[in-house]
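Chemist:
Protein chains: 2
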Amino acid sequence: MTAVKPGSTIGILGGGQLGRMLALAAAKLGYRTHIFCPDERSPAFHVARQFTIAPYENEEALAEFAKSCAVVTYEFENVPAKTAEIVARHSNLRPCARALKISQDRLLEKTFLNECGVTTAPFQPFETEEELTAAFRVIGRPAVAKTRRMGYDGKGQILIKNRQDIDRVMEVTGGAPSILEGFVQFDREISAIVARSVEGDVAAFPVGENVHTNHILDTTDVPATITEVVEAKAKVMATRIANALDYVGVLAVEMFVNDKTGDVIVNEIAPRVHNSGHWTIEGAETSQFEQHIRAICGLPLGPTKALGKVRMKNLLGKDILEYEQYLADTNAHFHHYGKLDPRDGRKMGHVTWVERFRPEEK
Amino acid sequence: MTAVKPGSTIGILGGGQLGRMLALAAAKLGYRTHIFCPDERSPAFHVARQFTIAPYENEEALAEFAKSCAVVTYEFENVPAKTAEIVARHSNLRPCARALKISQDRLLEKTFLNECGVTTAPFQPFETEEELTAAFRVIGRPAVAKTRRMGYDGKGQILIKNRQDIDRVMEVTGGAPSILEGFVQFDREISAIVARSVEGDVAAFPVGENVHTNHILDTTDVPATITEVVEAKAKVMATRIANALDYVGVLAVEMFVNDKTGDVIVNEIAPRVHNSGHWTIEGAETSQFEQHIRAICGLPLGPTKALGKVRMKNLLGKDILEYEQYLADTNAHFHHYGKLDPRDGRKMGHVTWVERFRPEEK
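Those protein sequences? They're chains A and B, same order as listed.
According to full-length UniProt numbering, the residues represented by the first sequence are 1 to 362, in order.
According to full-length UniProt numbering, the residues represented by the second sequence are 1 to 362, in order.
As structure tokens, this is what we get:
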């Protein structure tokens, strides 16, 4: 495989902040970007050479877009299968369509993960109330019901503690293909982020520890407060997943850790750059965004060490209006995604604090 | 003065690599950019929301451009006075037109610098051969003749060692307003880069040491191999210049150092981000590009410490084709400006090596 040379055009499906930061990283390396997104107010459009505003179902627009690009990637995993197929017909789609297919469906995802030898919560598929009742008998309580598709930030999930909750489940899933998962006791959530190159080299970033508030990521800290064994285990699992998918690009794997037992189970995978990897922009030797661009362009992967103790915090909704406070903080790196409407819970920017290694520190 | 809020549009006159890196820094802080440049292949266009392709003399296009921007800055000092005036009429021009006027003209520049109490080479203006001969009598040999305007990368300069060289001078200057400078013996060239905010705060980056090859910057090293006294002197001089201009933005001052005497004399000023400040992107707490955007938007200045021992090297012409070598170097940060034609001597990209402070280092 020959490298996609600087000066070439990289296509990105999706025009949010991830697409925007990918475009900025691509520009550093001399690439042009072409963003495809149905939303005319996409913040990624502001930093790209070309953009196409069209639905993901517009085959003609997709074909034209793909033809203009040496390689196409995506910033979200819910790219429709048909969209991915059209793009792959006219360009190189990286990561591959299989990574999309698996990460879009919790049943395929968990089945695949177990086949990789990676532990997940126990699970049972269901559609009808009868199937749910049967699944509940196998999984036990507490359990979590989730639709198989289109869940993010805790949407389409319901915790079941008793039989009365079962009625509520059917209201939420409405008979859509779903799974019932065993509730996992865990002490912390971590993210293992790895990149895999076209040649199959894998580079793992230090593991980050995530704290969610209202099901939305609030902070990521590096290093995570886990043992070296758990850190190594998490990286091995993510690497195994990337290899099994013959993956090219950055892959994020969310995991739960039980401190006492040292057990690590995988919650879900995201075949893309991830919010829990934003800390790498100033906190690691290479940012996850540059790493993804390097990988999909067939370039050598960059080094991944952390440059100190790092904390990333999301700025949601009106948090962003406090930007002067973050700009005045001499340890903070402030990022604003250029979105104009600070709706509640909307990801508007983030801040990264890096407590850099100093000569006097151990 | 109220700050220019993230989400607003920043105008940039000039679409080269400096404009491009300014646009990338603006995007990180949530700003949109509008680039004005006559060259349709400007690399800054690829990362900006809007661009205008028009000559700097097109008053209508300039007025429309300026009206679309909350603040306008520039990436080169040879912005015509009339252009600056039109922009200032319809928007906020930062840095101010006076900084442009002075830096465009070696006679005004040197006169201004001496008025600031900053040492320069001795100089005498001339136009005719008679005036040159008279100037030569005052300045002595060796001397350097330079046209007052439009000189960069050593263009329009001629070294005079003897009377025969005088004829060649008149061929080069063609009777254009020029100056004759005393030749300065120096051991090294350094750059003092400072930023001044709307409120008048000044933040200086560590001084960098420059090496030129064929009159084009080759490398910048930080720290410079100068004494603390010389470092402090250089920063004080640059600060004095910024204050005297009531300057807003990043200002670069090129200086010559005599190691034995500790003398520092100013060679020239550039009222903009500067090639010798590229090392700050990965090598300093804040990059010169972000610092410039902060300054012109009325935001607080960022911290300026170096993060280690840093070297920046320009990649000229075909140097850029060796990009895989730099990408494979785990200490190197590679930048490609997205220009497609690697003409000899053309600035195509740069590499920065940061030898970061580690716990075991002193």
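Beta carbons are placed, not taken as given, at the ideal position from N, Cα and C, and that holds for glycine.
Remember, it's a predicted structure, so these values are computed and weren't measured experimentally.
(1) Determine the direct distance from the alpha carbon of Ala143 of chain A to that of Gly7 of chain A, and round the result to whole angstroms.
(2) Could one say the Cβ of Lys313 of chain B lies closer than 8 Å to chain A's Cβ atoms, at least one of them?
(3) Judging by CA-CA distance, which residue of B:Leu180, B:Thr111, B:Ile102, B:Thr173 is the nearest neighbour of Ala134 of chain B?
(4) Would you verify that the beta carbon of Ala306 of chain A is, or is not, closer than 8 Å to some beta carbon of chain B?
(5) Is it true that the CB of Glu127 of chain A sits closer than 8 Å to the CB of Ser191 of chain A?
(6) When you compare the CB of Thr2 of chain A with every CB in chain B, is at least one pair closer than 8 Å?
(7) Restricting to Cα atoms, I'd like to know which of A:Phe51, A:Glu254, A:Thr73 is closest to Ile296 of chain A.
(8) Measure the C-alpha to C-alpha separation of Arg272 of chain A and Ala332 of chain B and round it to an integer number of angstroms.
(9) Can you tell me whether Lys362 of chain B is helix, strand or coil according to DSSP?
(10) For Thr330 of chain A, name the three-state secondary structure that DSSP assigns.
(11) Mind checking which residues open and close the beta strand (DSSP E) that includes Phe36 of chain A?
(12) State yes or no: is the beta carbon of Val351 of chain A nearer than 8 Å to at least one beta carbon in chain B?
(13) Considering only residues of the same chain and omitting the five flanking positions on each side of Val211 of chain A, which have a CB-CB separation below 7 Å?
(14) According to DSSP, simplified to helix, strand and coil, what is Leu299 of chain B?
(15) Give the residues of chain B in contact with Glu57 of chain A, contact being defined as C-beta atoms less than 9 Å apart.
(16) Can you list, in chain order, the residues of its chain whose CB lies under 6 Å from that of Ala203 of chain B, leaving out five sequence neighbours each side?
(17) Take Leu107 of chain B as the anchor and find which of B:Gln288, B:Lys146, B:Gly117, B:Arg94 has the nearest alpha-carbon.
(18) Taking Glu130 of chain A as the reference, which of A:Gly262, A:Gly175, A:Arg94, A:Asp105 has the closest Cα?
(19) Quick check on the DSSP output: the alpha helix (DSSP H) that includes Ile281 of chain A runs from which residue to which?
(20) Counting only Cβ pairs nearer than 9 Å, list the residues of chain A close to Arg343 of chain B.
(21) Run through the DSSP bridge pairs and tell me what Gly349 of chain A is partnered with.
(22) What does the Cβ neighbour count give for Gln17 of chain A, buried or exposed, with the cut at 16 atoms within 10 Å?
(23) Check the Cβ of Ala195 of chain A against every Cβ in chain B and list those closer than 8 Å, keeping chain order.
(24) Roughly how many whole angstroms lie between the Cα atoms of Gly15 of chain B and Leu327 of chain A?
(25) Would you mind working out which of A:Phe357, A:Thr286, A:Asp259, A:Gly349 sits nearest Phe186 of chain A, comparing C-alpha positions?
(26) Considering Cα atoms alone, identify which of B:Met312, B:Gly317, B:Pro342 is closest to Glu355 of chain B.
(27) Could you tell me whether the segment 315-325 of chain A touches the segment 345-353 of chain A, where touching means 3 or more Cβ pairs closer than 8 Å?
(28) Please classify Arg343 of chain B: does DSSP put it in a helix, a strand, or coil?
(29) Note down, in chain order, every chain A residue with its Cβ under 9 Å from the Cβ of Thr73 of chain B.
(30) So is residue 427 of chain A buried or exposed if we call it buried at 16+ other beta carbons inside 10 Å?
(31) Between the Cα of Ala99 of chain B and those of B:His90, B:Thr119, B:Pro122, B:Glu75, spot the shortest distance and give me the residue it belongs to.
(32) Which full runs of the alpha helix (DSSP H) of 4+ residues lie inside the segment 149-196 of chain B, going along the chain?
(33) Please state whether DSSP places His274 of chain B in a helix, a strand or coil.
(34) Suppose the cutoff is 6 Å on Cβ atoms and the five residues either side in sequence are ignored; what does the same chain contact list for Ala44 of chain A look like?
(35) Tell me which residues of the segment 259-291 of chain A have at least one Cβ-Cβ distance to chain B shorter than 8 Å, keeping chain order.
(36) Could you tell me the alpha carbon to alpha carbon distance between Ala252 of chain A and Ala234 of chain B, rounded to whole angstroms?
Modeler: On the basis of the coordinates in this document:
(1) Within the first sequence, the letter at position 7 stands for residue 7 of chain A. Within the first sequence, the letter at position 143 stands for residue 143 of chain A. The alpha-carbon atoms of Gly7 of chain A and Ala143 of chain A are separated by roughly 51 Å.
(2) For the purposes of this step, residue 313 of chain B is identified with residue 313 of the second sequence, where counting begins at 1. No, its Cβ sits nowhere closer than 8 Å to a Cβ of chain A.
(3) The sequence position of residue 134 of chain B within the second sequence is 134, counting from 1. Considering only alpha carbons, the answer is B:Leu180.
(4) Locating residue 306 of chain A in the first sequence gives position 306, where the first residue counts as 1. Chain B, which has no Cβ nearer than 8 Å to the Cβ of Ala306 of chain A, makes this no.
(5) Numbered from 1 along the first sequence, position 191 holds the residue referred to as residue 191 of chain A. Numbered from 1 along the first sequence, position 127 holds the residue referred to as residue 127 of chain A. Against a cut-off of 8 Å, the Cβ pair of Glu127 of chain A and Ser191 of chain A comes out as no contact.
(6) Position 2 of the first sequence, counted from the first residue, corresponds to residue 2 of chain A. No, no contact with chain B.
(7) The residue you call residue 296 of chain A lines up with position 296 of the first sequence. Measuring from the Cα of Ile296 of chain A, the nearest candidate turns out to be A:Thr73.
(8) Counting from one through the first sequence, the residue named residue 272 of chain A turns up at place 272. Counting from one through the second sequence, the residue named residue 332 of chain B turns up at place 332. Near 25 Å, if we compare the C-alpha coordinates of Ala332 of chain B and Arg272 of chain A.
(9) Indexing the second sequence from 1 puts residue 362 of chain B at position 362. Residue placement at Lys362 of chain B cannot be trusted, given a pLDDT of 37 that sits under 50; what the coordinates show is reported in the next sentence. Three-state result, Lys362 of chain B: coil.
(10) On the first sequence, position 330 is the one that residue 330 of chain A refers to. The answer is coil: DSSP assigns Thr330 of chain A none of H, G, I, E or B.
(11) For the purposes of this step, residue 36 of chain A is taken as residue 36 along the first sequence, with counting starting at 1. Residues 32-36.
(12) Position 351 of the first sequence, counted from the start, is the residue given in the question as residue 351 of chain A. For Val351 of chain A, no CB of chain B lies under 8 Å from its own CB, so it is not counted at the interface with that chain.
(13) Within the first sequence, residue 211 of chain A is the residue found at index 211, counting from 1. These residues qualify, in order along the chain: Asp218, Thr219.
(14) Here residue 299 of chain B corresponds to residue number 299 of the second sequence, with the count starting at 1. In this structure, Leu299 of chain B counts as coil in the three-state DSSP scheme.
(15) Locating residue 57 of chain A in the first sequence gives position 57, where the first residue counts as 1. Under the 9 Å cutoff, chain B gives no residues; its nearest Cβ is about 27 Å from Glu57 of chain A.
(16) Position 203 of the second sequence holds residue 203 of chain B. These residues qualify, in order along the chain: Ala195, Leu301, Thr304.
(17) As a first step, residue 107 of chain B must be located in the second sequence, where it is residue number 107. Residue B:Lys146 is the option with its Cα nearest to Leu107 of chain B.
(18) The residue given as residue 130 of chain A occupies position 130 in the first sequence. Minimum Cα distance to Glu130 of chain A is reached at A:Gly175.
(19) Within the first sequence, residue 281 of chain A is the residue found at index 281, counting from 1. Start and end: 280-283.
(20) In the second sequence, counting from the first residue as 1, residue 343 of chain B sits at position 343. Within 9 Å Cβ-Cβ: nothing; Arg343 of chain B doesn't reach chain A, min ~14 Å.
(21) Residue 349 of chain A sits at position 349 when you count from the first residue of the first sequence. DSSP, once it has assigned bridges, lists A:Leu315, A:His336 as partnering Gly349 of chain A.
(22) The residue you call residue 17 of chain A lines up with position 17 of the first sequence. Result: buried.
(23) In the first sequence, counting from the first residue as 1, residue 195 of chain A sits at position 195. Near Ala195 of chain A there are no residues of chain B at all, since even the closest Cβ is about 13 Å away, more than 8 Å.
(24) Working through the second sequence from its first residue, we reach residue 15 of chain B at position 15. Working through the first sequence from its first residue, we reach residue 327 of chain A at position 327. Roughly 27 Å separates the two Cα atoms.
(25) Looking up residue 186 of chain A in the first sequence gives position 186. Among A:Phe357, A:Thr286, A:Asp259, A:Gly349, the Cα nearest to that of Phe186 of chain A belongs to A:Asp259.
(26) Mapped onto the second sequence, residue 355 of chain B falls at position 355. Between Glu355 of chain B and the set B:Met312, B:Gly317, B:Pro342, the nearest pair of CA atoms involves B:Met312.
(27) yes
(28) On the second sequence, position 343 is the one that residue 343 of chain B refers to. Note: Arg343 of chain B maps to coil in three-state DSSP.
(29) The residue you call residue 73 of chain B lines up with position 73 of the second sequence. Within chain A, no residue comes near Thr73 of chain B; the closest Cβ sits about 17 Å away, beyond 9 Å.
(30) As shown, chain A starts at 1 and ends at 362. That puts residue 427 of chain A outside it, with no answer to give.
(31) The residue labelled residue 99 of chain B in the question sits at position 99 within the second sequence. Of B:His90, B:Thr119, B:Pro122, B:Glu75, the residue nearest in Cα terms is B:Glu75.
(32) 165-173
(33) As a working note, residue 274 of chain B is residue 274 in the second sequence. Three-state result, His274 of chain B: coil.
(34) As a working mapping, residue 44 of chain A is identified with position 44 in the first sequence. Gly15, Gly19, Arg20, Ala23, Ile35.
(35) Glu285
(36) For the purposes of this step, residue 252 of chain A is taken as the residue at position 252 of the first sequence. For the purposes of this step, residue 234 of chain B is taken as the residue at position 234 of the second sequence. Their backbone Cα atoms lie some 47 Å apart in a straight line.
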